[in-house]
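Here's the structure we're looking at; comments come further down.
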Amino acid sequence: MAPIKEWFGAYNVIFRWFEKNYGKEALTEYWRFLAESCFQETIERFKEGGLNEIDSYFREIFETDGGEYTSSLSENLLLCEIKKCPDHDFMKGSDNPCFKPIEDYCRHHDIINSVIAQKAGFSFCMSECSGEGQCRWMFKRQGRDF
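So the sequence shown is numbered by the working numbering: it starts at 18 and just counts up by one.
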């Protein structure tokens, strides 16, 4: 199924509304709720397939959505480099003022991926983020330091 790019902007509108009406802390809790409620299948895939499955999962998402993703994998560490985030790419190119990314837009990746990783037996760190659609993520087996 081809991505519907307008959804990237719609998520941003939802995040903006939530933050405006309930605050940043509540928005963070909302992202945690989404991760805990909606990703059980993904968590199970990550548990079963380990770092290889995490890499495959994100590679497929970024390819499907028109992003640019590279990775390097060792026994205990997956380093993901997002060179072009499809969300940001769409929103930056849109004339719709509602689609201008909220200040902490990228933070939803940090929160949601952290919860999913922890439940699957891994740790997650968004080690770099430009706020403009480029970032680095690290997944490690739990019990290992970054």
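Every residue gets a Cβ at the ideal spot worked out from N, C-alpha and C, and that includes glycine.
{"Item": "Is it buried or exposed, Pro103, if we count other Cβ atoms within 10 angstroms and call 16 or more buried?", "Value": "buried"}
{"Item": "Among the candidates Ser147, Glu149, Val132, whose CA atom is the shortest distance from the CA of Phe156?", "Value": "Val132"}
{"Item": "Less than 6 Å between C-beta atoms, sequence neighbours within five positions excluded: which residues of the same chain meet that for Trp154?", "Value": "Cys97, Met143"}
{"Item": "Output the residue ranges of the beta strand (DSSP E) runs that lie fully inside the stretch 88-130 and measure 3 residues or longer, sorted by chain position.", "Value": "94-101"}
{"Item": "Quick one: grab the DSSP three-state call for Phe56.", "Value": "coil"}
{"Item": "Using the C-alpha atoms, what's the distance from Glu92 back to Lys37?", "Value": "43 Å"}
{"Item": "With contact counted as at least three CB pairs below 8 Å, one residue from each stretch, are the stretch 103-123 and the stretch 46-53 in contact?", "Value": "no"}
{"Item": "So, helix, strand or coil for Glu145, using DSSP?", "Value": "strand"}
{"Item": "Name the DSSP bridge partner or partners of Trp154?", "Value": "Cys97, Met143"}
{"Item": "Compare the C-alpha of Ile60 against each of Ser140, Glu145, Gly160 and name the closest.", "Value": "Ser140"}
{"Item": "Candidates Ile99, Cys152, Lys64, Ala134: which alpha carbon is nearest Tyr86's?", "Value": "Ile99"}
{"Item": "Within the present structure, is the beta-carbon of Leu51 separated from the nearest heavy atom of the ligand HEM by less than 6 Å?", "Value": "By its list of ligands, the structure shown contains no ligand whatsoever, and the ligand HEM lies outside what it can speak to."}
{"Item": "Please classify Pro118 as buried or exposed, where buried requires at least 16 other C-beta atoms within 10 Å of its C-beta.", "Value": "buried"}
{"Item": "Please classify Asp112: is it buried, with 16 or more other beta-carbons within 10 angstroms of its beta-carbon, or exposed?", "Value": "exposed"}
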